[in-house]
Each structure stands twice: as structure tokens, then as C-alpha cells.
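Spelled out as C-alpha cells, the structure:
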């Protein structure tokens with residue numbers, strides 16, 4: 234009996250070994266990828282209508298054209314608040330959750346409320362990513378996490394220009410935007426190393442260029458001995474430069490700030506702005522589209538894509 238059982242087991246084992254490998258193999262990982270069989274709709278919700286986001290849109294458009302060559306059709310919708318208003322932005326996020334797009338990309342204006350709504354979007358089955366302003370590690374983020382370092386670097390550059398002494402104004406952008414807040418923290422940290430540098434003015438411009446002009450005019454009037462200005466976003470260095478130039482104080486009041494919008498670059502090349510830290514927002518739009526396509530295909534994507542920043546000075550104009 235024992236011999237018969239052993240023979241039967243051996244025969245069964247031999248039969249299993251003769252089954253073709255393909256018949257036994259588990260589905261390959263490639264089978265996890267879903268083909269795109271419809272036109273995709275992606276919605277971008279930035280912080281505000283602003284020329285800075287036009288460059289993000291250029292990157293997104295380039296990616297859409299690349300996807301066409303793969304046979305993937307994409308519609309990109311920009312749903313932008315006219316002003317940097319938290320309630321308005323959140324209403325737009327909420328409305329787009331109801332529209333059920335294939336992807337939602339958000340530039341966070343207010344971490345706490347934005348995160349709550351984005352969690353609702355994920356629960357509703359949406360593919361959600363963030364860009365420009367970091368929100369929360371729960372969501373993929375495209376952009377730099379170096380905002381505090383950018384502010385610190387610009388503070389050190391201004392201190393160097395002013396030989397470590399002088400009166401300084403801060404145009405603080407939007408008080409809820411994490412990148413603006415962190416840049417100011419870094420800037421103040423740098424200035425704290427220079428006891429002869431004094432911050433005499435700090436006001437939010439709400440990412441409105443005209444308001445930045447008005448605030449700069451006000452501080453120039455209140456502090457005619459002002460030595461420097463720090464702009465925490467893409468609008469306020471331009472606003473500061475316009476006001477300083479109009480007051481005939483170019484080269485006397487030194488300006489440092491963020492980003493490389495064409496007018497800001499012109500002011501750098503003409504010597505009105507001393508230095509900028511420029512982000513790579515074109516890449517943010519490009520990779521946002523690519524990653525949202527990847528999510529729709531069931532690929533994994535990185536939780537953090539660092540697009541970085543770089544200094545821009547008059548040396549770059551030559």
C-alpha cells in the first residue's frame with residue numbers, strides 16, 4: 234500500500250512539472266496597467282489668476298501635445314480664482330469634485346481646508362496631485378520644498394549687498410500660502426544673523442501686483458531712508474521695482490524676490506532688482522499632466538518631484 238501511494242504521488246508531481254509554464258504563471262505586472270480608451274479631462278485649480286501660472290499652462294500644453302502622439306486625447310481646464318481667496322478656491326475644488334474629472338491638480342492656498350477637500354476628492358475616486366505650494370505628504374507634490382531656503386538665500390544676498398546693515402521692508406504675499414510664509418521665515422532667519430539690519434515694514438499684497446506697487450509707495454514715503462525690499466512671490470518684486478523706479482530710487486533701494494516673469498527679468502537686467510530666485514513652473518505643468526495620465530493607467534508615481542529653484546542676477550543678462 235505504501236509503495237502504491239508513493240508511486241501515485243511521484244506520478245502527480247511529474248504531471249505538474251509537465252504543465253506549460255505559461256499556464257501556471259500569475260498575471261504579469263504589465264497586466265496591471267490600464268489602457269486609456271477615452272478622452273481624459275484634467276482640472277487645474279491654482280491659487281489665483283496670474284502670469285506665473287501661464288508658464289505652468291505652457292508646460293501642461295506641451296505634455297498634452299506629446300500625449301496626442303501616443304493616441305491619448307486630453308482636455309485641460311483651468312479653474313482660477315480672480316484673487317487669492319481661500320473660500321473661492323475651495324468652492325472651485327468642491328465643484329470640480331462633483332464634475333468627476335480624470336485628474337485634479339491643486340496649488341494649495343490654505344493647507345487645512347485644501348487638504349480636507351482633497352481627501353474628499355480622493356474618497357470620491359479622483360486622481361489628485363498638488364503643485365507649486367506644498368500641502369501634505371498624503372498627496373503627490375510637484376514643485377520645490379525649498380521655500381524657506383529660498384527666503385534665507387535672498388536674505389543673505391540682501392545682507393551682502395547692504396554690508397549687513399540697513400532698513401528693510403517685506404511684501405509678504407498671501408498670508409495663508411505655505412510657500413510665501415516659509416520664504417518669509419527663511420528671510421527673517423537670515424536677517425537675524427545681522428543685528429544692524431532692521432525690518433521696518435511688513436504687509437501682505439495678496440499676490441496683487443497693483444497692491445504691491447501701492448504698498449511700496451507707502452513704505453518709501455514713510456521710510457525715506459529705506460535700504461531694501463524683499464518680495465515673497467512673483468508679483469511683488471515687480472510692484473516694488475515699479476514704485477522704486479518711479480520714485481527715482483533705483484540702485485538706492487535694493488530689491489530681492491521670487492521668480493522670473495518677463496518684467497521682473499527686465500528689471501534685473503536694468504539693475505532695478507538685484508536678485509531673484511526663479512522656480513521651474515513650466516516643469517510643474519508638464520509633469521502634472523504626465524503623472525495624471527500615469528495615474529489613469531494605474532502606474533505608480535513619485536510622491537515628490539523636486540523642480541528646484543535657481544538664482545537670477547544681472548550676470549545672467551550678459
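In my numbering, the protein residues as written are 234 to 551.
Positions of the beta carbon are idealized from the N, C-alpha and C atoms, including for glycine.
None of these values were measured; they are calculated from a predicted model.
Residue 281 and residue 386: beta carbons closer than 8 Å?
Translated into the one-based positions of the chain shown, residue 281 becomes position 48. Translated into the one-based positions of the chain shown, residue 386 becomes position 153. Not a contact, by the Cβ cut-off of 8 Å.
The stretch 466–477 touching the stretch 494–511, judged by at least three CB pairs closer than 8 Å
Three or more Cβ pairs drawn from the stretch 466–477 and the stretch 494–511 lie within less than 8 Å of each other, which places the two stretches in contact.
What would DSSP say about residue 503, mapped onto helix, strand or coil?
In the chain shown, the residue the question calls residue 503 occupies position 270. Here residue 503 sits in coil by DSSP.
Does the stretch 267–279 touch the stretch 501–513, meaning 3 or more C-beta pairs lie closer than 8 Å?
Contact fails: fewer than three Cβ-Cβ distances are below 8 Å.
Where do the N-terminal and C-terminal ends of the beta strand (DSSP E) with residue 307 fall, by residue?
Against the chain shown, residue 307 aligns to sequence position 74. It spans 307–311 - the beta strand (DSSP E) in which residue 307 sits, taken as one unbroken run.
Residue 264 to residue 530 span [Cα, whole Å]:
Your numbering for residue 264 matches position 31 in the chain shown. Your numbering for residue 530 matches position 297 in the chain shown. Residue 264 and residue 530: Cα-Cα distance of roughly 11 Å.
Within the same chain, show all residues whose beta-carbon is closer than 6 Å to that of residue 383, passing over the 5 residues directly before and after it, in chain order.
Residue mapping note: residue 383 aligns to position 150 of the chain shown, counting from 1. Around residue 383: 416, 510, 542.
Roughly how far, in whole angstroms, is the beta-carbon of residue 473 from the beta-carbon of residue 449, given that I think they are within contact range, below 8 Å?
For the purposes of this step, residue 473 is taken as residue 240 along the chain shown, with counting starting at 1. For the purposes of this step, residue 449 is taken as residue 216 along the chain shown, with counting starting at 1. Rounded, the Cβ-Cβ distance is 5 Å, consistent with contact.
Span of the alpha helix (DSSP H) around residue 521
Taking the chain shown and counting its residues from 1, the one referred to as residue 521 is at position 288. It spans 514–529 - the alpha helix (DSSP H) in which residue 521 sits, taken as one unbroken run.
Measure the beta-carbon distance from residue 489 to residue 460 and round it to whole angstroms, keeping in mind my assumption that it falls under 8 Å.
Taking the chain shown and counting its residues from 1, one reaches residue 489 at position 256. Taking the chain shown and counting its residues from 1, one reaches residue 460 at position 227. Contact doesn't hold; Cβ gap of about 12 Å is too wide.
Between the alpha carbons of residue 275 and residue 309, how many angstroms are there, rounded?
Here residue 275 refers to the residue found at position 42 of the chain shown. Here residue 309 refers to the residue found at position 76 of the chain shown. Between residue 275 and residue 309, the C-alpha separation is close to 5 Å.
I want to know whether the stretch 336–345 touches the stretch 297–306 - three or more CB-CB distances under 8 Å.
Result no; under three Cβ-Cβ pairs closer than 8 Å.
For residue 362, name the three-state secondary structure that DSSP assigns.
For the purposes of this step, residue 362 is taken as the residue at position 129 of the chain shown. Residue 362 falls in the strand class under three-state DSSP.
At which residues does the beta strand (DSSP E) containing residue 404 begin and terminate?
The residue labelled residue 404 in the question sits at position 171 within the chain shown. Taken as a continuous stretch (DSSP letters only), the beta strand (DSSP E) holding residue 404 covers 398–404.
Does the Cβ-Cβ distance between residue 330 and residue 532 come in under 8 Å?
Here the question's residue 330 lines up with position 97 in the chain shown. Here the question's residue 532 lines up with position 299 in the chain shown. In terms of Cβ geometry, residue 330 and residue 532 do not form a close pair [threshold 8 Å].
Check whether the stretch 388–408 and the stretch 420–429 are in contact - that is, three or more C-beta pairs closer than 8 Å.
In the pairwise beta carbon analysis, the stretch 388–408 is classified as touching the stretch 420–429: at least three pairs are separated by under 8 Å.
For residue 284, I'd like the list of residues in its chain whose CB is within less than 7 Å of its CB, leaving aside the five on either flank, ordered along the chain.
The residue you call residue 284 lines up with position 51 of the chain shown. Cβ neighbours of residue 284 within its own chain (closer than 7 Å, five residues either side excluded): 494.
Neighbour-count burial assignment, residue 453, 16 or more Cβ in a 10 Å radius:
Residue numbering aside, residue 453 sits at position 220 when the chain shown is read from its first letter. Answer is buried; the Cβ neighbour count reaches 16.
From which residue to which residue does the beta strand (DSSP E) around residue 344 run?
As a position in the chain shown, residue 344 is number 111, starting the count at 1. Annotation for residue 344: no beta strand (DSSP E) segment contains it, though the alpha helix (DSSP H) segment containing it runs 344–356.
Cβ pair count under 8 Å reaching 3, the stretch 518–526 against the stretch 372–379:
Judged by pairs of C-beta atoms under 8 Å, the stretch 518–526 touches the stretch 372–379, as three or more such pairs exist.
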